[in-house]
Each structure stands twice: as structure tokens, then as C-alpha cells.
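Step one of this worksheet: look at the structure below.
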Amino acid sequence: MRWLTALIILQVFVILYLVAKVTNMENSIAQIQTLISYENTKTSSVTTDDYEQKLSATSMPPLILTPDFHKLLKNEFTTLQKNLTKVIIRDIQTQNTTLKTTSEERLASLEEQQIIYQQASNRIENFISQGKVPENEMWKIEGELAKLDDDGRKKILRKLTQAVNTGRIQLSH
Amino acid sequence: MNFFKIVTIASVFVFQSLAMAGLTQPAPVTIDLEALVATGDMVTARRSDNEFEFIGCGTRNSDTGTGDIFSFAFCQASVAEDSTVICTTINPELVAKVSDINDSSFVSFRWNEDGECVSLGFSTQSLYMFMAKKDLK
Chain E
148 MRWLTALIIL
158 QVFVILYLVA
168 KVTNMENSIA
178 QIQTLISYEN
188 TKTSSVTTDD
198 YEQKLSATSM
208 PPLILTPDFH
218 KLLKNEFTTL
228 QKNLTKVIIR
238 DIQTQNTTLK
248 TTSEERLASL
258 EEQQIIYQQA
268 SNRIENFISQ
278 GKVPENEMWK
288 IEGELAKLDD
298 DGRKKILRKL
308 TQAVNTGRIQ
318 LSH
Chain P
42 MNFFKIVTIA
52 SVFVFQSLAM
62 AGLTQPAPVT
72 IDLEALVATG
82 DMVTARRSDN
92 EFEFIGCGTR
102 NSDTGTGDIF
112 SFAFCQASVA
122 EDSTVICTTI
132 NPELVAKVSD
142 INDSSFVSFR
152 WNEDGECVSL
162 GFSTQSLYMF
172 MAKKDLK
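So the protein lines, in turn, are chains E and P. 148 is the number of the first residue of the first sequence in the numbering used here; add one for each residue after it. 42 is the number of the first residue of the second sequence in the numbering used here; add one for each residue after it.
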């Protein structure tokens, strides 16, 4: 997004610069035209003072949108549009790459969780076969629970509580 | 005259004794496997003649390895060797409530078919501290 903002600001500055430049050129043209017309009305010599007076008496000519200026603006906007499209496409591609990476990481994490879940599940089966939960084993299952997601935690705890509540495991701590 | 003095003094001692006794309401551990509820106060359970009677709750807290702490709470109760019931919860709000428990708390907990604690109750009142004067000697 920073790239996009910077590019837009840059393009706006370029456009403003060009507008100012064209305006300046048009002013110059207008001044020349004024001068020419002034020259045409004068038959004798003209002084600089006369020209200055004439010029000051003439109001600032309005911005003339010549076909060239239109063309220039159109080109600028086309360039801006192209650049924006490129930035947007690049941004979308970057986002897709990030999403893909996150998704792959999550998949890896899920695989790991499945292994941990299986370990914890087997541990409970072992408790059931022993009829009790040794304290050192309880620490292990707690560590496994910590690494699981909430769904896995609930399943393991459910298995444990049901084993205790049905009398298959004696729990003392 | 002496008779009245003796009666008065005796009355004072009797009523004073009663006032110091306070209200007691021991609550032995009960487990209802149909309603999935267990109740009982800690003092009564601890002082029970039944060596298997107990009730209480606790928490287990483990580092997940990613900077977080995983906590779960459990409550359990028993009235016989093979009658222990337990419920567990990973609901952070219920886990936090376990810290409300006290030595003289009346504890009640309810669980669902999955063994998840769905309700935890702790009531800490003097009436559960039923130590008789003879026990304090």
C-alpha cells in the first residue's frame, strides 16, 4: 500500500508540474499573441514601457486546453493507470503468496497436531490399561494438551474425563 | 438468693456457649450421576470418616511454547473408591473462577455428557467451618 500511495503522489506531482508548464507556455503564447496584436496596431516604434502597459492592462488569459495538452494529460493518465494496474497486480500476487505460505504452515502445524493428538490419545489408553494416571504421565499429557488446538484439547480432555467418570481410571490429583 | 445467683450464672454460660457456636451447616459430598452434579463442602469432606470422600477443583497451566499459557480447570469429587467423578474445562472464564475456591468453600459443579464442566459454584461461609469448640482445643 505504501508503494501505491507513493506512486499516486508522484504521478500527481508530475501532472501538476506538466499543467504548470503548459499553463506557463500558454501564457507565453498569449503574451506573444498580445505583443503581435499590439505590434499590428502600432505603426511606429514601440517601447518596452508601452508593451508593459499593454500587458498589464490585459487580464491573465484563461487556461487554454489545447489538443496537445489533452493528449499530454491523456498520456499521463494512461501511464498512471498502467502503473497502478501493475502495482495492484503485484500486490495481489504478494498477498496470494503470503496466503499460500500461511496455509502451508498451517497444514504443517495440523500434521504436527495430529501426531500430538494421537500421542495424547494413546497415553489415555495406557492410563486406562493401568487403571490410573501416574503423576509424571499427567505432566506429559498436559504438555501435549498445550500444543493442541482447542478442538483437540476438548477431545483429549473428554476422553480422559469419560474414562475417569466410568471408573476406568482412578485419578488422585 | 444463692439459688438465683447460681441460675443466673449458669444461664450466662449456657447462652454464651450457644452464641459462640454459630450456625453450622456441614455439607457432605454428594454425587448425582443422573443430574451430573456434585456438591459438598471442603471441611466436611476433609473431616469425614469416609476415607474416599473428597471434593475440590484445581487448574493446570502449561506453556504452549509460543509465549501463551494454556490453562484448564478440573473439579472432582468422590464418595467411594470407584466413584470419582471429574469434569474439565478450557473455558478461560470458568478457569479463572476456580481461584474463588477457599479452604472452607462449599463446592458445586455440574458437567455435561462430554465431561466438560458447565457450571462451577463456590460458596465460602462461616457455616461450613463447623469446627466445634471441642475440635479447637
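Cβ atoms here follow ideal geometry from the backbone N, Cα and C, with glycine treated the same way. In this text the structure is predicted, and so the values were computed from the model without any measurement.
Among the CB atoms of chain E, one or more fall inside 8 Å of the CB of P:Val126. Chain-ordered listing is empty here: chain P has no CB closer than 7 Å to the CB of E:Leu163, the nearest sitting near 49 Å. Non-local beta-carbon contacts of P:Ala86 in its own chain, meaning distances under 6 Å to residues more than five positions away in sequence, involve Val70, Glu94, Phe95, Ile96 in chain order. Taken through DSSP and simplified to helix, strand or coil, P:Leu161 comes out as strand. No Cβ-Cβ contact shorter than 8 Å links P:Thr125 with E:Leu304. Annotated three-state conformation of P:Ser112 is strand, per DSSP. When only Cα atoms are considered, P:Asn91 and P:Phe115 end up about 22 Å apart. Shown here for E:Val161: same chain residues with a beta carbon closer than 7 Å to its own, the five before and five after excluded, namely Glu223 in chain order.
Residues of the region 288-304 of chain E whose Cβ lies closer than 8 Å to any Cβ of chain P, in chain order: Glu289, Gly290, Leu292, Ala293, Lys294, Asp297, Arg300, Lys301, Leu304. Residue pairing of E:Ser268 in beta bridges, as defined by DSSP: absent, with no partner found. Partner residues in the beta bridge of P:Val78, as assigned by DSSP, are P:Asp73, P:Arg151. For E:Arg315, no beta strand (DSSP E) segment is defined, and its DSSP state is neither H nor E.
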